[in-house]
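Taking full-length UniProt numbering, I'd label the letters of the sequence shown as residues 1 to 199. Worksheet: one structure, shown below.
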Amino acid sequence: MSDSNPSFARRISLAVGAFFSILGNREFAADVLRLRNGATIGATAGAAAAPAAAPTPAPAPQPKPQPAPVLKQASPDAALQLLGLLQRDARLIDFVEEDIKGYSDADIGAAARLVHEGCRATLREHFTIRPVRDEAEGSRVTLPEGFDASAVRLTGNVVGSAPFSGSISHRGWRVDDVRLPKLADGHNAKIIAPAEVEL
Numbered sequence: 001m002s003d004s005n006p007s008f009a010r011r012i013s014l015a016v017g018a019f020f021s022i023l024g025n026r027e028f029a030a031d032v033l034r035l036r037n038g039a040t041i042g043a044t045a046g047a048a049a050a051p052a053a054a055p056t057p058a059p060a061p062q063p064k065p066q067p068a069p070v071l072k073q074a075s076p077d078a079a080l081q082l083l084g085l086l087q088r089d090a091r092l093i094d095f096v097e098e099d100i101k102g103y104s105d106a107d108i109g110a111a112a113r114l115v116h117e118g119c120r121a122t123l124r125e126h127f128t129i130r131p132v133r134d135e136a137e138g139s140r141v142t143l144p145e146g147f148d149a150s151a152v153r154l155t156g157n158v159v160g161s162a163p164f165s166g167s168i169s170h171r172g173w174r175v176d177d178v179r180l181p182k183l184a185d186g187h188n189a190k191i192i193a194p195a196e197v198e199l
């Protein structure tokens, strides 16, 4: 087969060789670029320069890669402290750990009411909790480009890019203030509720 009509295997070999030559030889890469733009390459250094190629459009800027998030080590003390408060004021852990299969729905409902009241009182005493969105559930909203994706989660048929229009199915919750008691040195936060021994 002649050089003017190389075989498929020869073209693969030529493509691989050209690829590495383009990476390693700037002048060769410039010649290949001129050939792609329709110019002819002179055989000698004295040959007339090829006409200037039309400028190629600049590639679209690629988005900057986002840095990997920095992970913080969370101290479990505050979570354990909150569990202790919910146990103290609402008996939450007693309720959750109880096997309720043998109780009637009325008994479970009565116990749940007490746990609910205690949990609500504890949360309101130690946290200021507000909705993320002020609109009523079911309201139509439009989320602009750049909306806070940590505060609003898109659900349903999510296609395309912002702005998004949809209905609020849950207003979300955020904590504006935390008022947990300070822990004394030596306090063992893992003891959520001490065992009780009646004498």
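Yeah, the Cβ is synthetic: ideal placement off N, Cα and C, and Gly gets one too. Please read all numbers here as calculations on a predicted model, not as lab measurements.
Q: Please report the Cβ distance between aspartate 107 and leucine 183, rounded to the nearest whole angstrom; I am assuming they are in contact, meaning their Cβ atoms lie under 8 Å.
A: Incorrect: roughly 36 Å between the Cβ atoms, too far for contact.
Q: Could you tell me whether the stretch 135-145 touches the stretch 164-182, where touching means 3 or more Cβ pairs closer than 8 Å?
A: yes
(Q) For leucine 85 and lysine 101, what's the separation of their Cα atoms in angstroms? (A) 26 Å
Q | Residues of its chain near phenylalanine 95, where Cβ-Cβ distance is below 7 Å and the 5 sequence neighbours each way are ignored | A | Ala111 and Val115
Q: Would you tell me roughly how many angstroms separate the C-alpha atoms of arginine 26 and valine 158, rounded to the nearest one?
A: 46 Å
Q: In angstroms with no decimal places, state the Cα-to-Cα distance between residue 204 and arginine 179.
A: The structure shown does not extend to residue 204, since the chain spans only 1 to 199, so no value can be given for it.
Q | Cβ-based burial, leucine 92 [other Cβ within 10 Å; buried from 16] | A | buried
Q.
Distance check for leucine 154 and arginine 133, CA to CA, integer angstroms please.
A. 14 Å
**Q.** In chain order, each alpha helix (DSSP H) run of at least 4 residues that lies wholly inside the stretch 67-116
**A.** 77-90 and 92-97
Q: Please determine, among Glu98, Phe28, Arg88 and His170, the residue with the shortest C-alpha to C-alpha distance to serine 139.
A: His170
Q: Could you name the residues of the same chain whose beta carbon sits closer than 7 Å to that of phenylalanine 147, not counting the 5 residues immediately before and after it, in chain order?
A: Ala162
Q: Output the distance between the C-alpha atoms of glutamate 97 and glutamate 198, rounded to the nearest integer angstrom.
A: 22 Å
Q. For alanine 189 versus leucine 80, is the C-beta distance shorter than 8 Å?
A. yes
**Q.** Terminal residues of the alpha helix (DSSP H) in which leucine 35 lies
**A.** 26-36
Q: Please classify glycine 118: is it buried, with 16 or more other beta-carbons within 10 angstroms of its beta-carbon, or exposed?
A: buried
Q: For the beta strand (DSSP E) holding glycine 127, just list the boundary residues, first then last.
A: Here the sequence assigns phenylalanine to residue 127, which means glycine is not the residue at that position. Looking at the DSSP string, the run of the beta strand (DSSP E) that includes phenylalanine 127 is 127-131.
Q) Pick from Gly186, Ile129, Gln66 and Arg36: whose alpha carbon is nearest that of aspartate 176? A) Ile129
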